[in-house]
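J.: Chains as they are written, first to last, in this note's numbering: chain A, 1 to 194; chain B, 195 to 388; chain C, 389 to 582; chain D, 583 to 776.
Before we start, here is the structure in question, set down as structure tokens.
There are 4 protein chains.
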Amino acid sequence: MEQALKIERAGRPRDARLDDAIVAATIELLEERGYNDMSLAAVAERAGTSTTAIYRRWKSKSELVAHAVFRTEGDDVVAETDNIAVDIASMVRWAAEKLARPAALAAVVGILGESRSERVARSTAAAMASKRVIDRLNRAKDRGEIRADVDTRVLASLIAGPVLNEVFAGGAAHVNERWIAELVSIVLDGVRPR
Amino acid sequence: MEQALKIERAGRPRDARLDDAIVAATIELLEERGYNDMSLAAVAERAGTSTTAIYRRWKSKSELVAHAVFRTEGDDVVAETDNIAVDIASMVRWAAEKLARPAALAAVVGILGESRSERVARSTAAAMASKRVIDRLNRAKDRGEIRADVDTRVLASLIAGPVLNEVFAGGAAHVNERWIAELVSIVLDGVRPR
Amino acid sequence: MEQALKIERAGRPRDARLDDAIVAATIELLEERGYNDMSLAAVAERAGTSTTAIYRRWKSKSELVAHAVFRTEGDDVVAETDNIAVDIASMVRWAAEKLARPAALAAVVGILGESRSERVARSTAAAMASKRVIDRLNRAKDRGEIRADVDTRVLASLIAGPVLNEVFAGGAAHVNERWIAELVSIVLDGVRPR
Amino acid sequence: MEQALKIERAGRPRDARLDDAIVAATIELLEERGYNDMSLAAVAERAGTSTTAIYRRWKSKSELVAHAVFRTEGDDVVAETDNIAVDIASMVRWAAEKLARPAALAAVVGILGESRSERVARSTAAAMASKRVIDRLNRAKDRGEIRADVDTRVLASLIAGPVLNEVFAGGAAHVNERWIAELVSIVLDGVRPR
DNA sequence: GAGTAACCGAGACGGTACGTCACGTCTTCTG
DNA sequence: CAGAAGACGTGACGTACCGTCTCGGTTACTC
């Protein structure tokens, strides 16, 4: 659909390589310097382009960062199996991969540092991701893999929450397979039918 | 110790009311505008003072914010009982009270936005808080209230983590007693001896 | 000569109406906003065309402005009579008509704002116009209408100069027939044979 | 009067040497590069200061330039004698000194390039200077040195106008004593009583 | 009547300057 | 010595314009 519109677009087309170069430079600099010390001028220089080209694509620094770090919207389709243990583990793993990078932390700083109204708009994305997780948990509940009296909203916050906690405490390093296994084990024991 | 020095300090003493006015203005503006859009000039104006007075007390904006939001360092002595269910609930409640305010979110932005070295220094505070939680959980494990094979570090992240998750998703509003009770119930089921 | 080349030019011919529309829009915007605040994008929009079409015709903004305001190069053939009083009056009148428009002032800004080398190139046009004036004055001197010891270069600057002065002082409004007559009267009294 | 107010001013006083350094750098760069190619960043660098310090003193680039080039408001008190020939010559000389510098031309570009409303405000300064000239001419007329039927407004434009003309034609070089003498001679012949 | 060359519009591109803002430091006067 | 006022340098932000370019599409002359 958007594709159809693009075909009819007039004017010089955007240089697609610039998009990639800008995003790559953004992530690099985010990891090297952190959010506040990353200037768009530096991003432009490293990407071999100009700040103008950046502002043509994103409205602000925080929007660029949010897109660069969390843009991969299609890849969150973690395989859904019939085994809730496997599913929860893979969701935790997915959250860990998303968040346990220095750039992710920097991106959160950018998003949360915005004025309230913009922030609310952006956080709907997080809300939607959360909704998908809850839906899946509900289906597992329907299948009887999860106890009927469990509030799946609370359960959902037990999946991403611990990862967030480690990231903010500065110890994302030890979020490894063992850590994930231990987490999943506790959570499953807490929700599986008795 | 610092108290002792203050007694013998020469010259005009600091106006103690300014401390409170500055902290109050900081929290207000943090909630109204977010971290980035809160300027120290605005804080000074609302507090009826000048930026000079602020910088005499705190080294930087992020330090002021960190102090204003998390300064209450003594009050975290949550009563320790013999009942781990009660203890975990009160720890979750404590985390929720600490974090489920708009200003807390803004403070995190300020701390995480700092350059890496400063951030590390400050996060030791969080680490220490975390250590106290883990110690308590270990004592409960020793008493047999928690299964012997549970990693208390992971368990600790199940206490503050979910709260963090709700805060960042923007929905700190529904972190109420029912939510906390549900959370504690799941976690306890997951860690209590079989 | 250029005309001859045009006849043999292949491809789609230029839309002659665009030339006029661009020039008209340029003058309008020059008068409304001044040189610096007139953007070529605005000119293009008002002329119902694009900046591309403008740059196909003129090399730069200042060149467009110079052409739009002073392009009428053929019309300066002020009738030369045997009466220097009439001639000087008509030259002053011509200068006034050329310069006493808001757009003329803006055009001067454009030309003088150019870097030195470009400016020199363009000012030869002014020099040539000046030369024609001086030649005419010299002929009047030869005929005895002007005192033999008058430096016609200085006299020439007494014709356009006062008009320029009024324009820059912002009071081009009162450069009317009475003003011109008074000016010519003084100058003639100063140069006619005693 | 303004002096009195200054005495009561609180805060760190402005560094007066910066004013001079900025003005000097402005004039230098104006002569080297012209108005458009002179950036405030370059001015700041050469003056050993920052653009912020410049904007604290002047509202815009054109205002800085206008002040730097034409600020010397007190020095225009050309000695008034009883001899109108001497006075006119000295006024022409004064105009020539003011205008026949590369920086003056650049300053005119800046002032005239502004949007109309700002320009009008500034040109009142020129109008006032003009008024002083006319007043003096009127006094000479009262003394009988100038013919009673001469319009002194037109006469005034015969003093600065020719200088302007030479400057814009690019030939300010030959505005020397001989040129001035010749100009004054013609003008005087045109206005002195018969 | 098919080719071709130059036009047209839209709009992206690099570059550069502008003017604003905040931070954290400093300098001065006043209490 | 604290406080208020306000200057200072640094450095980023986001906007605007210039002049160039690339694209799809159009129009006229030429073969």
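Note that beta-carbon positions come from the ideal geometry of N, C-alpha and C, so glycine has one too.
1) Identify which residue in Met426/C, Ala456/C, Val497/C has its Cα closest to the Cα of phenylalanine 750/D.
2) At a CB distance below 7 angstroms, what residues from the stretch 560 to 576 of chain C approach chain D? Give them in sequence order.
3) When you compare each of Ala85/A, Val65/A, Ala96/A to glycine 144/A by their alpha carbons, which one comes out closest?
4) Under the rule that 16 or more other beta-carbon atoms within 10 Å means buried, what is serine 233/B, buried or exposed?
5) By Cβ distance, which residues of its chain are closer than 7 angstroms to alanine 648/D, with the 5 residues on each side in sequence left out?
6) Using only alpha-carbon positions, find the residue among Glu32/A, Asp15/A, Trp94/A that is nearest to proline 102/A.
7) Would you check if the distance between the CB atom of isoleucine 146/A and the CB atom of alanine 140/A is smaller than 8 angstroms?
8) Taking the straight line between their C-alpha atoms, what separation do you get for alanine 477/C and arginine 735/D?
9) Can you look up arginine 541/C in the DSSP assignment and give me helix, strand or coil?
10) Closest Cβ-Cβ distance between asparagine 424/C and chain D: below 8 angstroms?
11) Hey, how far is the Cα of alanine 492/C from the Cα of arginine 594/D?
12) Using three-state DSSP, classify glycine 753/D as helix, strand or coil.
13) Can you find the residues in the same chain that come closer than 6 angstroms, C-beta to C-beta, to valine 69/A, ignoring five residues on each side of it along the sequence?
14) If we define contact as Cβ-Cβ less than 8 angstroms, is glutamate 239/B a contact residue for chain A?
15) Mind reading off the beta-carbon distance from alanine 375/B to alanine 289/B? Whole number of angstroms is fine, and I expect it under 8 angstroms.
16) So serine 518/C and alanine 488/C are in contact, right, with Cβ under 8 angstroms, and what is the actual spacing, rounded?
17) Chain B partners of valine 191/A, CB-CB under 7 angstroms?
18) Is it the case that the Cβ atoms of valine 187/A and leucine 158/A are separated by a distance below 8 angstroms?
19) So, are the CB atoms of asparagine 36/A and glycine 228/B less than 8 angstroms apart?
20) Would you say alanine 742/D faces chain C, with C-beta separation under 8 angstroms as the test?
21) Please classify lysine 643/D as buried or exposed, where buried requires at least 16 neighbouring CB atoms within 10 angstroms.
22) Spell out whether any CB of chain B is found under 8 angstroms from the CB atom of glutamate 114/A.
23) Please state the DSSP three-state secondary structure of glutamate 584/D.
24) Would a check of beta-carbon distances place alanine 24/A closer than 8 angstroms to chain B?
25) Can you check the stretch 392 to 455 of chain C for any alpha helix (DSSP H) of at least 4 residues that lies completely inside it and give the ranges in chain order?
26) Take the Cβ of threonine 220/B as the centre, count every other Cβ of all protein chains shown within 10 Å, and call the residue buried at 16 or more, exposed below.
27) Report yes or no: is there a C-beta of chain A within less than 8 angstroms of the C-beta of serine 254/B?
28) For a contact defined as C-beta to C-beta under 7 angstroms, what are the partners of valine 109/A on chain B?
29) Apply the 10 Å Cβ neighbour rule to lysine 486/C and answer buried if 16 or more other Cβ atoms are within range, or exposed otherwise.
30) How would you call glutamate 759/D, buried or exposed, if buried means at least 16 neighbouring beta carbons within 10 angstroms?
31) For methionine 697/D, does the three-state DSSP call read helix, strand or coil?
32) What number of angstroms, rounded off, separates the C-alpha of leucine 571/C from the C-alpha of valine 480/C?
33) Write down the C-beta distance between threonine 49/A and leucine 18/A rounded to the nearest angstrom, noting that I regard them as a contact closer than 8 angstroms.
34) Short check: CB of glutamate 416/C to CB of arginine 434/C, under 8 angstroms?
35) In the DSSP assignment, find the alpha helix (DSSP H) that holds glutamate 376/B and state where it starts and stops.
T.: Taking the structure as given:
1) Taking only the C-alpha atoms, the option nearest phenylalanine 750/D is Val497/C.
2) Residues are counted here when their Cβ sits less than 7 angstroms from a Cβ of chain D; for the stretch 560 to 576 of chain C these are Trp567, Glu570, Leu571, Ile574, Val575, given in chain order.
3) Ala85/A
4) That one is exposed.
5) Ala689, Gly692, Ile693, Arg704
6) Ranked by Cα distance from proline 102/A, the first of Glu32/A, Asp15/A, Trp94/A is Glu32/A.
7) yes
8) 18 angstroms
9) helix
10) yes
11) For alanine 492/C and arginine 594/D, the distance between alpha carbons rounds to 46 angstroms.
12) coil
13) Ala103, Ala104, Ala107
14) The C-beta of glutamate 239/B comes no closer than 8 angstroms to any C-beta of chain A.
15) The Cβ separation is near 15 angstroms, so there is no contact.
16) About 18 angstroms; that fails the 8 angstroms criterion.
17) Ile380
18) yes
19) Remark: C-beta atoms of asparagine 36/A and glycine 228/B do not approach each other more closely than 8 angstroms.
20) Yes, its Cβ sits closer than 8 angstroms to a Cβ of chain C.
21) Buried, since its Cβ has 16 or more Cβ neighbours within 10 Å.
22) yes
23) Low local confidence applies: a pLDDT of 39 at glutamate 584/D is under 50, so the model's placement there is unreliable, with the coordinate-based value given in what follows. In this structure, glutamate 584/D counts as helix in the three-state DSSP scheme.
24) No, alanine 24/A lies away from the interface with chain B (no Cβ there is under 8 angstroms from its Cβ).
25) Taking 4 residues as the minimum length, the alpha helix (DSSP H) runs contained wholly in the stretch 392 to 455 of chain C are 404 to 421, 428 to 434, 439 to 445, in order along the chain.
26) buried
27) no
28) For the C-beta of valine 109/A, the chain B residues within less than 7 angstroms are, from N- to C-terminus, Val303, Leu306, Gly307.
29) Counting Cβ neighbours within 10 Å, lysine 486/C comes out buried, since at least 16 surround it.
30) Exposed is the label assigned to glutamate 759/D, since fewer than 16 other Cβ atoms lie within 10 Å of its Cβ.
31) At residue 697/D the sequence reads serine, which differs from the methionine that was named. In the structure shown, serine 697/D sits in coil (DSSP, three-state: anything other than H, G, I, E or B).
32) 9 angstroms
33) 5 angstroms
34) yes
35) 371 to 385
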